[in-house]
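To keep things clear, I will list the structure first and then write my remarks on it.
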Amino acid sequence: MPIEKFKLVKSSCVPLNTENVDTDQIIPARFLKATERKGFGDNLFRDWRYDNHNNEILSFPLNNPKYSGKILVAGSNFGCGSSREHAAWAIYDYGFRVVISSFFADIFRNNALNNGLLPVQISDNFLNKIFNIIKEDASSELIVDLEKQTVTIDKTKEQETFEINSYKKQCLLKGYDDIDYLLSIKDKIEEFENKNVV
Amino acid sequence: MGKTLFDKVWDAHIVQSIENGPDILYIDKHLIHEVTSPVAFVGLEKRGLKVLRPDKTLATADHNVPTINQDKPIKDKLSVEQVNKLTENCKNHGIELYGLNHKYHGIVHVIGPELGITQPGMTIVCGDSHTATHGAFGSVAFGIGTSEVEMVFASQCIMQTKPKKMRITVNGNLSKGVSPKDVILYIISKLTASGGTGYFIEYAGDVFKNMTMEGRMTVCNMSIECGARGGLIAPDETTFEYIKGRKFAPKGKELERKIQNWKTLFSDEDAEFDKEIEFNANDIKPMITYGTNPGMGMPITEKVPYPSDLSEEKSLKYMKVTEGKSLVGTKVDYVFLGSCTNGRIEDLREYCSHIKGKKKADNITAWIVPGSKMVEKQAIEEGLDKILKEAGIELRQPGCSACLAMNEDKVPPGKLSVSTSNRNFEGRQGPGSRTMLVGPATAAAITIAGKIINPLTN
Ligand code: SF4
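Below you can see the structure in the form of structure tokens.
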């Protein structure tokens, strides 16, 4: 599936100051039964958002009307555990375009990039700064610029750069997807198969 | 400079390297299941494509299936839909499917090895993070997302940035009663749940050399729980012996030729790793987890550590455990033996050897779920089902079951489960359920005692 082009996001944030958020929390297994890629946002963080009687848990940031926006800011080691891509779909479907953390699990990072959701890894220090700014003023905005690979706190203009593999960056900027590329080198793949009878 | 085992296998599969970008890696075996494949098939069909190499693809339905009455129709509507979709997709694309009631049916990471499909030097992927299991054979095996499943469908290749390399060496002899599960829980507790992120781990040293293939699979299986993409162990005589005679293993001259090749798969002496860690086998004791990620583990006889941050504090609260206190004596409600970590015949044998002639505690509900149809059959042939029955326990039918509780096998809210699976995340075994991870022998001791005890004093 071609992905949406990504350039720059300027938005307020939703803070989730918890470490080791695993994909079972992002989207619990019992919601993985769909055979299509849509509608997962409704069940994003299901068991943290709703109690056993389906009442909203008001203390959870997604339920707090103060917080909104296209950027999810989360604690270290975000997206660990299961490889379910549904986690990235759910975050994207809910309306986020960027996840910021000081550390991402590998598979989640790939899954996010393959779906036009930008994982932005910053230092612990800068992450704490962002959490604090949001705490002070929930409407604080961040600017995430993919072209320049920077995150800026709009109010204070404090800035940090982030890394992204240059190939993946181009894919996101152009909305280009890996499969298009792989199909374009079909001959090479065949050649490899002929040379290496496994 | 020499090459590591991982380099040897990875480099041999590079079709092309993109400058400043990922490698394009050829995949020898693509395993698929009902939960992470349907959307990939939809994507593929939207592009008007067929699966490029159905002969290198193998399917099973494991995540979502019931573990009793498998001969009757599945009750859960959405499960039925996923299982049917898989059947239909496999038919359309000419993919072999070992579905429910097939004699080779089972958890994807159990059937690959037992059928001789998993072999040294291969690249193996599956839309499932525990694909790392297959690394026990000296293959490069890792979990992928659904977009990547679609990639492999379309091109038999995957784009992947080469991970860094870590070697974990454990020398010395394990004490009696210490299982491969304890070894890996120990390693993860030392590395933490994120300590392996960005790496592929090679396990080396006496402990792994002396381990059975099934033990090695238990270890490699949980590599992902410290964040590593996968783990692998150099193949040796134990590996070759295990493969010989299996259904899809090479035979005769072909096997001899392959073994010669497999013997070259080891890390050269002068190979360099990005990180090296060593442990001493003597330090490893029977382990249990007390928190909500697999890195939160400790020897079963120790006291719950004081939380070091808010997340850990939240975790202890969820688990209803107290820092500074021992877990021994805590009442347990459920015991789960199974999953791709500990659902193989050796695990069932180990569990049953401790249960034999005893009765399960009244307060325990025990789910014993074989990893595959073949494991189930062998367990019955060996009379393990009778031992269980005499203890008041039923042998169920194969599937992922309470490992991720997508089917009916859910631990109710608030209940405490002691589990041989691989994840103790909040609600992993059912919404609100609490999970502590252990090895099969510990699970058996707890089944009898009804509470947490040290299996070695039993
Ligand atoms: S047994 Fe558990 S970990 Fe293994 S494949 Fe099934 S759900 Fe995943």
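Protein sequences, first through last, are from chains A and B.
One gets the working numbering by counting positions in the first sequence from 1 and adding 5 to each.
One gets the working numbering by counting positions in the second sequence from 1 and adding 46 to each.
Cβ coordinates follow ideal geometry from the N, Cα and C atoms, glycine included.
On a CA-only basis, which of the options is nearest residue i? Give me that one, please.
i: glycine 496 of chain B; options: B:Gln116, B:Tyr380, B:Gly145; result: B:Tyr380
i: glutamate 141 of chain A; options: A:Ser189, A:Glu9, A:Pro20; result: A:Pro20
i: lysine 331 of chain B; options: B:His148, B:Thr503, B:Ala412; result: B:Thr503
i: glutamine 165 of chain B; options: B:Ile391, B:Ala437, B:Ile305, B:Val464; result: B:Ile305
i: serine 357 of chain B; options: A:Ser144, A:Lys10, A:Val26; result: A:Val26
i: asparagine 22 of chain A; options: B:Glu160, B:Ser235, B:Asp355, B:Gly478; result: B:Asp355
i: valine 378 of chain B; options: B:Glu348, B:Gly429, B:Val457; result: B:Val457
i: alanine 295 of chain B; options: B:Ile230, B:Lys137, B:Met365, B:Gly162; result: B:Gly162
i: lysine 461 of chain B; options: B:Tyr245, B:Lys406, B:Gly476; result: B:Gly476
i: lysine 75 of chain A; options: A:Lys162, A:Ile62, A:Ser145; result: A:Ser145
i: glutamine 202 of chain B; options: B:Phe471, B:Val97, B:Leu383; result: B:Val97
i: aspartate 185 of chain A; options: B:Leu237, B:Gln206, B:Val224, B:Met197; result: B:Met197
i: valine 78 of chain A; options: A:Asp150, A:Gly180, A:Phe108; result: A:Phe108
i: glycine 276 of chain B; options: A:Asp111, A:Ser16, A:Ile138; result: A:Asp111
i: glutamate 160 of chain B; options: B:Asn307, B:Lys309, B:Thr285; result: B:Thr285
i: tyrosine 245 of chain B; options: B:Asn219, B:Val265, B:Gly273, B:Gly251; result: B:Gly273
i: phenylalanine 113 of chain A; options: A:Glu24, A:Asn199, A:Thr28; result: A:Thr28
i: glycine 261 of chain B; options: B:Gly298, B:Ala317, B:His180; result: B:His180
i: asparagine 59 of chain A; options: A:Asp47, A:Pro70, A:Pro66; result: A:Asp47
i: phenylalanine 471 of chain B; options: B:Val171, B:Leu311, B:Ala239, B:Asp228; result: B:Ala239
Give a yes or no on whether the minimum CB-CB distance between residue i and chain A is below 8 Å.
i: valine 97 of chain B; result: no
i: arginine 292 of chain B; result: no
i: arginine 480 of chain B; result: no
i: methionine 259 of chain B; result: no
i: arginine 275 of chain B; result: yes
i: aspartate 53 of chain B; result: no
i: serine 175 of chain B; result: yes
i: cysteine 203 of chain B; result: yes
i: tyrosine 72 of chain B; result: yes
i: valine 129 of chain B; result: no
i: methionine 197 of chain B; result: yes
i: glutamate 194 of chain B; result: yes
i: arginine 395 of chain B; result: no
i: serine 357 of chain B; result: yes
i: alanine 107 of chain B; result: no
i: arginine 474 of chain B; result: yes
i: asparagine 267 of chain B; result: no
i: asparagine 388 of chain B; result: no
i: serine 63 of chain B; result: no
i: threonine 179 of chain B; result: no
i: alanine 520 of chain B; result: Since the first and last residues shown for chain B are 47 and 504, residue 520 of chain B lies out of range.
Check whether chain B comes within 8 Å of residue i, counting only Cβ atoms and requiring the distance to be less than that.
i: alanine 79 of chain A; result: no
i: threonine 157 of chain A; result: no
i: aspartate 47 of chain A; result: no
i: glutamine 30 of chain A; result: yes
i: aspartate 192 of chain A; result: no
i: isoleucine 184 of chain A; result: yes
i: alanine 95 of chain A; result: no
i: glycine 84 of chain A; result: no
i: leucine 67 of chain A; result: no
i: asparagine 25 of chain A; result: yes
i: phenylalanine 50 of chain A; result: no
i: lysine 38 of chain A; result: yes
i: leucine 187 of chain A; result: yes
i: glutamate 41 of chain A; result: yes
i: arginine 35 of chain A; result: yes
i: phenylalanine 11 of chain A; result: no
Please report the Cβ distance between residue i and residue j, rounded to the nearest whole angstrom; I am assuming they are in contact, meaning their Cβ atoms lie under 8 Å.
i: valine 154 of chain B; j: histidine 79 of chain B; result: 5 Å
i: valine 129 of chain B; j: alanine 107 of chain B; result: 5 Å
i: lysine 406 of chain B; j: isoleucine 439 of chain B; result: 6 Å
i: serine 447 of chain B; j: threonine 113 of chain B; result: 5 Å
i: alanine 58 of chain B; j: glycine 184 of chain B; result: The Cβ separation is near 12 Å, so there is no contact.
i: proline 444 of chain B; j: lysine 419 of chain B; result: 6 Å
i: asparagine 217 of chain B; j: valine 374 of chain B; result: Incorrect: roughly 30 Å between the Cβ atoms, too far for contact.
i: aspartate 431 of chain B; j: glycine 48 of chain B; result: That belief does not hold up - the Cβ atoms of aspartate 431 of chain B and glycine 48 of chain B are roughly 49 Å apart, past 8 Å.
Any beta carbon of chain D sitting closer than 8 Å to that of residue i?
i: isoleucine 305 of chain B; result: Given the protein chain composition of this structure (A and B), no chain D is represented.
Query - Interface positions of the segment 159 to 171 of chain A facing chain B (Cβ-Cβ less than 7 Å), listed along the chain - result: Asn170, Ser171
Query raised in the report: If you measure beta-carbon to beta-carbon, which residues of the segment 453 to 470 of chain B are closer than 7 Å to chain A?
Result: Pro459, Arg469
Query raised in the report: Between the segment 108 to 132 of chain A and chain B, which residues of the former have CB atoms less than 7 Å from a CB of the latter, in chain order?
Result: Phe108, Ala110, Asp111, Ile112, Asn115, Asn116, Asn119, Asn120
Query raised in the report: Residues in the segment 403 to 417 of chain B with C-beta within 9 Å of chain A's C-beta atoms, listed in sequence order?
Result: none
Requested in this report: List in chain order: all unbroken beta strand (DSSP E) runs of 3+ residues lying wholly within the segment 395 to 459 of chain B.
Outcome: 411 to 414
Query raised in the report: Can you give, in chain order, each stretch of the beta strand (DSSP E) that sits fully within the segment 96 to 177 of chain A and has at least 3 residues?
Result: 103 to 106, 123 to 126, 146 to 150, 155 to 158, 164 to 166
Query - Residues of the segment 242 to 258 of chain B with Cβ closer than 7 Å to any Cβ of chain A, in chain order - result: Thr243, Gly244
Query raised in the report: Quick one: complete beta strand (DSSP E) runs, 3+ long, within the segment 119 to 187 of chain B?
Result: 142 to 144, 169 to 172
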